[in-house]
Amino acid sequence: MHVFNDIYDGLQEDEAILWVKPLDIVKVSYGRHDNSTLRGDACYGSWNWFRPTDSWLEGGEGYLMSANQEKGLMVEVTPMEGFYVQAFAPITTQEKAADTYKKLRAGFAYTVPGLVKVKGQYIGKGQSDDESTTAVNEANSNCTLEAEVDVLAVEGLNVGVGFQYNVVKDGAKAAAAAVLEHAEDNGRDFLTMNEEDYEAGISRQMKIALGASYQVMPELKVSASGAFYTFYKQDYIITDVKVDPRFEAGVGIDYDLGDGLAANADFRYLSPVKVDGEKADNSDHMAFSVGVQKNVSSNGYIGVAFQGQTNGGTFAGNVIEGAEADKFTWAIPVALSVWF
3 MHVFNDIYDG LQEDEAILWV KPLDIVKVSY GRHDNSTLRG DACYGSWNWF
53 RPTDSWLEGG EGYLMSANQE KGLMVEVTPM EGFYVQAFAP ITTQEKAADT
103 YKKLRAGFAY TVPGLVKVKG QYIGKGQSDD ESTTAVNEAN SNCTLEAEVD
153 VLAVEGLNVG VGFQYNVVKD GAKAAAAAVL EHAEDNGRDF LTMNEEDYEA
203 GISRQMKIAL GASYQVMPEL KVSASGAFYT FYKQDYIITD VKVDPRFEAG
253 VGIDYDLGDG LAANADFRYL SPVKVDGEKA DNSDHMAFSV GVQKNVSSNG
303 YIGVAFQGQT NGGTFAGNVI EGAEADKFTW AIPVALSVWF
């Protein structure tokens, strides 16, 4: 028997915080957070089984906008109905006081009932001195900027569009340095770098993502998602290497068969890696799942599914390893879920 949690080998800690509300509109908390107030999701199909992590760059939770799963001090303010503000500082024994400001976070959400919800977030990703490498180059201003717009105007329809931009100091040079580091770690140099080294240095610059679900009828829900990614080029002293954009897309259905029995299915596609226009072999993936679930009580269900992936894709990270790069891989997950 092997224990793992979603895409992690072993069990992963969840939220553990101490909090106080000095005012009705203010909440202050400290600890290990798992705060999803600003998160934007697109979860369906394979996300609820063994996740085919080679067939998407990102899955369902946080697909449109990220959650906060860091350790530190958080302040949440709701100054008026429909308006929410969040600020976070990673004040821990592991983080030097001089480096804390480099990793500050702040975000907001504003809802116009029955019309639209708008969210934005700043995530500081400046590197601490002991984290700096030749690839990082003491990038104090590194950060991620995120925004999301959710349409609430149509009953039964949920549509969200998310935008993410990663600000990386000397991003092209940092990406190239990461390639060289990977090559050197594997006994190669600039003249003998290979495809694996180039892929190791791919650094995401921008993401535009869409998530939608529509309740067609009480028994049937249709979901879809997709994202477009761009990457920093790799800037070497004598040449530049361009990393082409990639995209992913998926569609899924959920159908209530009655008497606590439900069926679901989905299909996913991830486009190949291309460096300077040359496609990396077996780097595109298709995945699918077909499953059924049966409620066994008011607080539990059992289920079984069949899943497949092309080009040797792995499931649940590398917890369930894939096959050779050009092979079809498959899995039959069995689920037992109970909550209290």
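FYI, in the numbering used here the residues of the sequence shown are 3 to 342.
Think of the CB as a built atom: it goes at the ideal place given N, C-alpha and C, for glycine as much as any other residue.
Among the bridge pairs identified by DSSP, Tyr216 is matched with Leu159, Val224. Around the CB of Asp56, 16 or more other CB atoms lie within 10 Å, so the residue is classed as buried. Excluding residues up to 5 positions away in sequence, Gly33, Arg34 lie with their Cβ nearer than 8 angstroms to the Cβ of Ala18 in the same chain. Restricted to the region 84-122, the alpha helix (DSSP H) segments that are unbroken, complete and at least 4 residues in length are 99-102, listed in chain order. Between the C-alpha atoms of Lys223 and Gly42 there is a straight-line separation of about 19 angstroms.
When the beta-carbon positions are compared, Gly310 and Ala289 come within less than 8 angstroms of each other. The criterion of a C-beta distance shorter than 8 angstroms is satisfied by Met208 and Gln166.
In terms of CA proximity to Val87, Tyr112 leads the group Tyr112, Thr95, Asp152.
Residues of the same chain with a CB within less than 7 angstroms of the CB of Thr312, apart from the 5 flanking positions on each side, are His287, Met288, Phe330 in chain order.
When the five nearest sequence neighbours on each side are left out, the beta carbons in the same chain lying within less than 6 angstroms of the beta carbon of Ala264 are those of Asp258, Gln295, in order along the chain. Residue environment analysis places Thr316 among the buried positions, since at least 16 neighbouring C-beta atoms fall within 10 angstroms of its C-beta. In the three-state reduction of the DSSP assignment, His287 falls in the strand class, which pools E and B.
Counting C-beta atoms within 10 angstroms of its own C-beta, Ser68 has 16 or more neighbours from the protein chains shown and is therefore classed as buried. Closest by C-alpha distance to Ile93, out of Leu154, Leu117, Glu72, is Glu72.
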